[in-house]
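As you go down the protein sequences, you meet chains A and B in turn.
Going by full-length UniProt numbering, the letters in the first sequence line up with residues 1 to 476, in that order.
Going by full-length UniProt numbering, the letters in the second sequence line up with residues 1 to 476, in that order.
Note that the Cβ used here is the ideal one computed from N, Cα and C, for glycine as well.
A quick note: this is a predicted structure, and the numbers were derived from the prediction, not measured.
2 protein chains.
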Amino acid sequence: MDTAPLYRQLASHYLHAIEAGTLNAGERMPSIRVLMARHQVSLSTALQMCRHLESRGVLEARPRSGYFIRKPAKSTLTPAREPQCTTPDPAQFVGVHARVSDILTRGQAAQVHTNFSGAVGAPELYPYEALRNAAIRGLRNHPDLFGRAVPLHGDATFRSVLARRALDARINIGADEIIITQGCVEALNLALRAIAQPGDVIAVESPTFYGLLQILESLGLRALEIPTSPQTGISLEALDLAAQTYPNIKGVVVVPNLQNPLGSIMPDSHKQKLVQWCEAQQIALIEDDTYSALGNSDVPLSAIKAWDHSGNVIYCASLHKILAPGMRLGWISAGRWQARVEMLKYAQSRPNEALPQIAAADYMASSAYERHLRRLRARLREQREQMADAIASYFPAGSCLTVPDGGLALWVEMPAQRSSDAVFDAALQAGIRIAPGLMFSNLNRFDHFLRISCGQPFTRELDQAIRTLASIVERA
Amino acid sequence: MDTAPLYRQLASHYLHAIEAGTLNAGERMPSIRVLMARHQVSLSTALQMCRHLESRGVLEARPRSGYFIRKPAKSTLTPAREPQCTTPDPAQFVGVHARVSDILTRGQAAQVHTNFSGAVGAPELYPYEALRNAAIRGLRNHPDLFGRAVPLHGDATFRSVLARRALDARINIGADEIIITQGCVEALNLALRAIAQPGDVIAVESPTFYGLLQILESLGLRALEIPTSPQTGISLEALDLAAQTYPNIKGVVVVPNLQNPLGSIMPDSHKQKLVQWCEAQQIALIEDDTYSALGNSDVPLSAIKAWDHSGNVIYCASLHKILAPGMRLGWISAGRWQARVEMLKYAQSRPNEALPQIAAADYMASSAYERHLRRLRARLREQREQMADAIASYFPAGSCLTVPDGGLALWVEMPAQRSSDAVFDAALQAGIRIAPGLMFSNLNRFDHFLRISCGQPFTRELDQAIRTLASIVERA
């Protein structure tokens, strides 16, 4: 049984007709009156259906003429190029904090109507009402919760739920091997502090999310940027070359599934090879598994940790992107560094508050959680495709884009010579905020890239904003 | 009008009579029947009153004979000695983490019926119901709270409330100069990371709370322990001497008000001198103001930050001990390191969750907060005095104790040659957990001390536990 609202069922019907070529670009849609009569639906349902297809870029409204099938987006953009596998630059850090802070400050100071800068979903993508109810239940069931010291390492039930969920990613760990942290950011901090000392070299994907570069810089660690494929993730060849040039690499940090900003997914064979290579080289492997649940497929992606038999992989994850942006719930399972990470967490911030863990455990143990994830995946897929269509329609020739199989953002290559910094400023002036490519590397290698969030439901306003952005890129 | 329950009013009446000598030790209390008739109270009120006085150690029940006035505690113990002001030992760190972790693990593994080890109050000392209601209100008023990313630096209202409350401690800072942290522990981490690099020397009070020693060790900083008076706090003379011997001190960390474990309060003249001395020496001064609100007097204690005009003082505090052990709410105002601390907080754990801040702000803006603090102060004072009485009654000759003017614990010196480690183990076997003195220093200087929590309401069971502990100390 189809449980989608009537207007959505109707929309699917017409989408199929358009995809099948039954209705063609440029043709007029049946009028509202015809739709009402043909499908025995109300005026509001017929209208809602057309507006929905309009917001998805499938129809366009022409004044006094009704709705028309829109021209299909021009064929998708050229996929992003594979990186060259050369010896990496002696990257280290160049004060990315100052750069990122400057960009964030400029972004926050501006009045924007459209914010494409964050890799986070809109509130309506998340089950905040159900979580709120779970929190209220938690407060009722634990009346003296705020009067008692928080439990060491985290709430026991929550840790059990996480251990059970980890089985999906083929990780077999006990609840007592999980430490709850303040988001994945704290987990990464603890992992890096456990394996390295200031001055040490850490290999990272290039491009990578600026949060990681900031963490490395703030800990006095040096980032060694390894070329990373938009399709298959970090280049194992380049990593091996790097290790020959820099024999003192202490750790590798990767986002194997739906990398930020590329959206790449490492093939399982690469994951296994990377685990074995790191073991052989005695280099710690840190896995950031923040995005796995946001793939197109309902079949879970395997974590790198699944191939770890010696405790050399430190697994970090969070619920920030997949369940609740307003909860700071992350966790870490640190293999042979577990005791050291427990100590560092205790000394750095003590255990987390219990309430969000209680609420999240309550929700995640119910079947509603799986339903939420399926819905979230479907919506994000739709939003990514709509956004990719709009970018392909409006961006100037020479732009490249690989549409990833999941995640919250698109990584768009502008034609050469464009500066993301200049585009960022011009876009802000037009009320649009994006994340410029130069935030994602200590080098200037990605200055002609933009990361564009697909976290918000696609609307005519967003379409218009992409059109404006494209003209800024065109003129830049 | 006296709003205390009737049995408490009655108890006060008899306490006064005993203090005034109207009733003397060894005498029989009027019988329950007489009390009922004399004061026109119910059986349960009369019984409750006697049990209350019994639990406070004022009366003792003799089988089939009724209640008797107990012998007064022997005169209070000799006050703790002043430390010698010599050049400090080249303390640095000696792996206090391993020591503390070992003690904590042994403590957690044991089955105990009486836990005197934490410097934290019993849940019933805190307004957890009101906070719970405030949290539920917060969830109702912000239905999509868990769906939205948390606000940078913390909830605006909460920061305003803190800025307003800081005026009581004579600190004048704006809400935008406050960053919310995961408790005071994270605030201290950030402060130390802002001012020092691994290998640097930080001067600390000796003894000091083990949490600080763990933080220093985990950050690769070296603790230089400065003799500290149980009356007036850190010795300024000793600190000056230390600076002459170790010219590379980067910072000083002090708990000026109700130091943990000593309970000392620095006189205002010392606070001012310390601020000036640190400025002149170009040494950063970090203030931990966790306990100020727990003093005997309702007149607020001044923070060291009150004398800071150059931004050289980093102020850290939390609500953990004074409002809600179950909330991890701390904050930091970092003077001239503010921008660096903002950056470090963002890179270390991102901003805190909003809900506890919303709930705490709601409660703290009401008059209930002041009433709570007055009640908390009065109860802790009573508990400290009862505990001190019991210790004075039972501990062997040669023990020393200064009863502090506030706080959650007593710092008891056992007669020489006792080892707190041995006492800790023997006490655990008897079902009693204390904090051994050797946790409070990197040296072994305080191995003949115990820190005993006064956070729980004093009962006959606690009295018995102190008696048992005293006999363990006697035999040790």
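Output, in chain order, the set of chain A residues within a Cβ distance shorter than 7 Å of B:A347.
Residue 347 of chain B sits at position 347 when you count from the first residue of the second sequence. The answer, in chain order, is Q214, I215, S218.
Taking contact to mean 3 or more Cβ pairs, one atom from each stretch, closer than 8 Å, check whether the segment 303 to 310 of chain A and the segment 137 to 157 of chain A are in contact.
Too few Cβ pairs lie closer than 8 Å, so no.
Residues of the segment 173 to 191 of chain A with a CB closer than 7 Å to any CB of chain B: list them in chain order, please.
Here the close residues are Q182, G183, V185, E186, N189.
Rounded to the nearest angstrom, what separates A:G398 and A:M414 at their Cα positions?
Taking the first residue of the first sequence as position 1, residue 398 of chain A is located at position 398. Taking the first residue of the first sequence as position 1, residue 414 of chain A is located at position 414. In this structure, the alpha-carbon of A:G398 lies about 7 Å from that of A:M414.
Along chain A, in chain order, which residues have C-beta atoms closer than 7 Å to that of B:V150?
As a first step, residue 150 of chain B must be located in the second sequence, where it is residue number 150. Those are G326, R328, listed as they occur along chain A.
Under the three-state reduction of DSSP, which class applies to B:E54: helix, strand or coil?
Stepping through the second sequence from its first residue, residue 54 of chain B is reached at position 54. B:E54: helix per DSSP, three-state reduction.
Would you tell me roughly how many angstroms separate the C-alpha atoms of B:P256 and B:P227, rounded to the nearest one?
Position 256 of the second sequence, counted from the first residue, corresponds to residue 256 of chain B. Position 227 of the second sequence, counted from the first residue, corresponds to residue 227 of chain B. The alpha-carbon separation between B:P256 and B:P227 amounts to approximately 14 Å.
8 Å Cβ cutoff met for B:W337 and B:I195
Along the second sequence, read from residue 1 onward, the residue named residue 337 of chain B stands at position 337. Along the second sequence, read from residue 1 onward, the residue named residue 195 of chain B stands at position 195. Result yes, Cβ atoms of B:W337 and B:I195 sit closer than 8 Å.
Taking only beta carbons into account, state which residues of the segment 135 to 147 of chain A come closer than 8 Å to chain D, listed in chain order.
No chain D is present in this structure, whose protein chains are A and B.
Kindly list, in the order they appear in chain A, the residues whose Cβ is closer than 8 Å to that of B:R377.
Counting from one through the second sequence, the residue named residue 377 of chain B turns up at place 377. Near B:R377 there are no residues of chain A at all, since even the closest Cβ is about 17 Å away, more than 8 Å.
In its own chain, which residues sit with a C-beta less than 8 Å from the C-beta of A:S75, not counting the 5 before and 5 after it?
Taking the first residue of the first sequence as position 1, residue 75 of chain A is located at position 75. Legend: pLDDT at A:S75 = 45, less than 50; position of this residue unreliable, value from coordinates given subsequently. Closer than 8 Å at the Cβ level, and outside the excluded window around A:S75, lie A392.
Say yes only if the C-beta of B:L190 is nearer than 7 Å to one or more non-hydrogen atoms of the ligand ATP, and no if none qualify.
The ligand ATP is absent from the structure shown, which contains no ligands of any kind.
Taking the Cβ atom as the reference point for each residue, do B:S264 and B:T232 lie within a distance shorter than 8 Å?
Within the second sequence, the letter at position 264 stands for residue 264 of chain B. Within the second sequence, the letter at position 232 stands for residue 232 of chain B. Taking 8 Å as the Cβ cut-off, B:S264 and B:T232 qualify as a contacting pair.
Could you please give me the residues that DSSP links to A:Y128 through a beta bridge?
Numbered from its first residue, the first sequence carries residue 128 of chain A at position 128. Answer is none; A:Y128 lacks a bridge partner.
Mind checking B:Q417: buried by the 16 CB within 10 Å criterion, or exposed?
One-based indexing of the second sequence puts residue 417 of chain B at position 417. By the neighbour-count rule (16 or more Cβ atoms within 10 Å), B:Q417 is not buried but exposed.
Neighbourhood of A:A187 by C-beta distance below 6 Å, restricted to the same chain and skipping five residues each side
In the first sequence, the residue the question calls residue 187 of chain A occupies position 187. Residues T181, C316, G330, I332 of the same chain have their beta carbon placed closer than 6 Å to that of A:A187, with the five preceding and five following residues left out of the count.
Determine the closest residue to A:E129 out of B:F146, B:A134, B:G121, B:Y128, with distance taken between C-alpha atoms.
Here residue 129 of chain A corresponds to residue number 129 of the first sequence, with the count starting at 1. That would be B:F146, whose Cα lies nearest to the Cα of A:E129.
Please report how far the alpha carbon of B:R384 lies from the alpha carbon of B:T208, in whole angstroms.
Walking along the second sequence from the start, residue 384 of chain B turns up at place 384. Walking along the second sequence from the start, residue 208 of chain B turns up at place 208. Their Cα atoms are separated by approximately 20 Å.
Straight-line CA distance for B:E370 to B:I358?
Taking the second sequence and counting its residues from 1, the one referred to as residue 370 of chain B is at position 370. Taking the second sequence and counting its residues from 1, the one referred to as residue 358 of chain B is at position 358. Taking the straight line joining both Cα atoms gives about 18 Å.
Cutting at 8 Å between CB atoms, please list the residues of its own chain near B:M1, excluding the five before and the five after it.
Against the second sequence, residue 1 of chain B aligns to sequence position 1. Below a pLDDT of 50, predicted positions are generally treated as unreliable, and B:M1, at 48, falls in that range; no measurement from the model is reported.
Give the C-beta separation of A:M29 and A:I69 to the nearest angstrom, bearing in mind that I take them to be a contact with Cβ-Cβ under 8 Å.
In the first sequence, the residue the question calls residue 29 of chain A occupies position 29. In the first sequence, the residue the question calls residue 69 of chain A occupies position 69. Indeed they touch by this definition, with Cβ atoms about 7 Å apart.
Between the C-alpha atoms of B:A20 and B:A378, what's the straight-line distance to the nearest angstrom?
Along the second sequence, read from residue 1 onward, the residue named residue 20 of chain B stands at position 20. Along the second sequence, read from residue 1 onward, the residue named residue 378 of chain B stands at position 378. Rounded to the nearest angstrom, the two C-alpha atoms are 21 Å apart.
According to DSSP, is B:T232 helix, strand or coil?
By one-based count along the second sequence, residue 232 of chain B stands at place 232. If DSSP states are grouped into helix, strand and coil, B:T232 belongs with coil.
Where DSSP assigns a beta bridge to A:P396, which residues make up the other side?
Taking the first residue of the first sequence as position 1, residue 396 of chain A is located at position 396. DSSP lists no partner for A:P396.
Considering just the uninterrupted stretch of the alpha helix (DSSP H) at B:S318, what are its terminal residues?
Within the second sequence, numbered from 1, the residue matching residue 318 of chain B stands at position 318. Not the alpha helix (DSSP H): B:S318 falls in the beta strand (DSSP E), residues 313 to 318.
Would you tell me roughly how many angstroms separate the C-alpha atoms of A:L23 and A:I103, rounded to the nearest one?
Your numbering for residue 23 of chain A matches position 23 in the first sequence. Your numbering for residue 103 of chain A matches position 103 in the first sequence. Rounded to whole angstroms, A:L23 to A:I103 spans 46 Å at the Cα level.
Can you name, in chain order, every residue of its own chain whose Cβ lies under 6 Å from the Cβ of B:R328, other than the five neighbours on each side?
Reading the second sequence from its first residue, position 328 is the one you call residue 328 of chain B. Counting only Cβ-Cβ distances below 6 Å, and skipping sequence neighbours, we find Q182, G183.
Beta-carbon within less than 8 Å of A:C400's beta-carbon, same chain only, minus the 5 sequence neighbours each way: which residues are those?
Counted from its first residue, the first sequence places residue 400 of chain A at position 400. Taken in chain order, the residues that qualify are L77, T78, P79, A80, R81, V412, E413.
Contacts that B:P356 makes with chain A (C-beta to C-beta distance below 7 Å):
Taking the second sequence and counting its residues from 1, one reaches residue 356 of chain B at position 356. Within 7 Å Cβ-Cβ: E353.
Using a Cβ-Cβ cut-off of 7 Å (strictly less than) and excluding sequence neighbours within five positions of A:A243, which residues of its own chain qualify?
Numbered from 1 along the first sequence, position 243 holds the residue referred to as residue 243 of chain A. The residues are I249, Q281.
By DSSP, does B:N257 sit in helix, in strand, or in coil?
Numbered from 1 along the second sequence, position 257 holds the residue referred to as residue 257 of chain B. Strand, per DSSP.
For chain B, check one thing: does any of its Cβ atoms lie closer than 8 Å to the Cβ of A:L443?
Counting from 1 along the first sequence, the entry for residue 443 of chain A is found at position 443. No, A:L443 lies away from the interface with chain B (no Cβ there is under 8 Å from its Cβ).
Just the C-alpha distance for A:P325 and B:S471, rounded to the nearest angstrom, thanks.
Within the first sequence, the letter at position 325 stands for residue 325 of chain A. Within the second sequence, the letter at position 471 stands for residue 471 of chain B. Straight-line Cα distance between these residues: approximately 55 Å.
Limits of the unbroken alpha helix (DSSP H) element including A:T105
Here residue 105 of chain A refers to the residue found at position 105 of the first sequence. Its alpha helix (DSSP H) spans residues 96 to 109.
What residue range is occupied by the uninterrupted alpha helix (DSSP H) comprising A:I32?
Here residue 32 of chain A is taken as the residue at index 32 of the first sequence, counted from 1. Counting along the chain, the alpha helix (DSSP H) containing A:I32 begins and ends at 32 to 39.
Nearest-angstrom Cα separation, counted from A:S453 out to A:M439:
Taking the first residue of the first sequence as position 1, residue 439 of chain A is located at position 439. Taking the first residue of the first sequence as position 1, residue 453 of chain A is located at position 453. Cα to Cα, the separation comes out at about 14 Å.
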